[in-house]
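Okay, so here's the structure we're looking at.
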């Protein structure tokens, strides 16, 4: 399941999450963002219950994008214990994102 994060729920749903979070900063007009959407949905389905996957529309949530210093999209932030611990910028092979998620989960051990 993919969550939709905004300024009202980001603290409770992402930063205070008991499990790691992958945040997809995107925009509807962004071609590379659209390209990444199936991979992000696959990760949400594959890691259900082990990692929370959510989206932030940078056009609607510019404050959140600014808070994470998002300069280019798509931008993926990996959050653990309320802090960004890793990130990926741009459209990448799905295996790259999966590798980052696997590394984050294995660090939890």
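In full-length UniProt numbering, the protein residues as written are 1 to 109. Quick reminder that beta carbons are idealized off the backbone N, C-alpha and C, glycines included. From a predicted model like this one, the values you see are computed outputs, not experimental measurements.
> Measuring CA to CA, which of 26, 19 and 20 is closest to residue 62?
Replying inline: Along the chain shown, read from residue 1 onward, the residue named residue 62 stands at position 62. Comparing Cα positions, the closest option is 26.
> Just how far apart, CA to CA, sit residue 33 and residue 88?
Replying inline: On the chain shown, position 33 is the one that residue 33 refers to. On the chain shown, position 88 is the one that residue 88 refers to. Residue 33 and residue 88: Cα-Cα distance of roughly 12 Å.
> Should residue 31 go down as buried or exposed, given a rule of 16 or more other Cβ atoms within 10 Å for buried?
Replying inline: Numbered from 1 along the chain shown, position 31 holds the residue referred to as residue 31. Result: exposed.
>> Just to confirm before moving on: does the CB-CB distance between residue 79 and residue 23 stay below 8 Å?
In response: On the chain shown, position 79 is the one that residue 79 refers to. On the chain shown, position 23 is the one that residue 23 refers to. The criterion of a C-beta distance shorter than 8 Å is satisfied by residue 79 and residue 23.
> Does the separation of the CB atoms of residue 39 and residue 105 fall below 8 Å?
Replying inline: Working through the chain shown from its first residue, we reach residue 39 at position 39. Working through the chain shown from its first residue, we reach residue 105 at position 105. Not closer than 8 Å, so no.
>> Taking 7 Å as the limit between beta carbons, can you name the residues of its chain near residue 17, skipping five residues before and five after?
In response: Within the chain shown, residue 17 is the residue found at index 17, counting from 1. Hits under 7 Å: 52.
> Under 8 Å between the Cβ atoms of residue 7 and residue 64?
Replying inline: Translated into positions along the chain shown, residue 7 becomes position 7. Translated into positions along the chain shown, residue 64 becomes position 64. Yes, the Cβ-Cβ distance between residue 7 and residue 64 is below 8 Å.
> Do you know offhand how far residue 21's Cα is from residue 77's?
Replying inline: Counted from its first residue, the chain shown places residue 21 at position 21. Counted from its first residue, the chain shown places residue 77 at position 77. So the two alpha carbons sit approximately 8 Å from each other.
>> Checking 8 Å against the spacing of the C-beta atoms, do residue 2 and residue 49 come in under that value?
In response: Position 2 of the chain shown holds residue 2. Position 49 of the chain shown holds residue 49. No, they are not a contact pair.
> Under the DSSP definition of a beta bridge, which residues are partnered with residue 23?
Replying inline: Sequence index remark: in the chain shown, residue 23 carries index 23 (1-based). In DSSP, residue 23 forms a bridge with 54 and 77.
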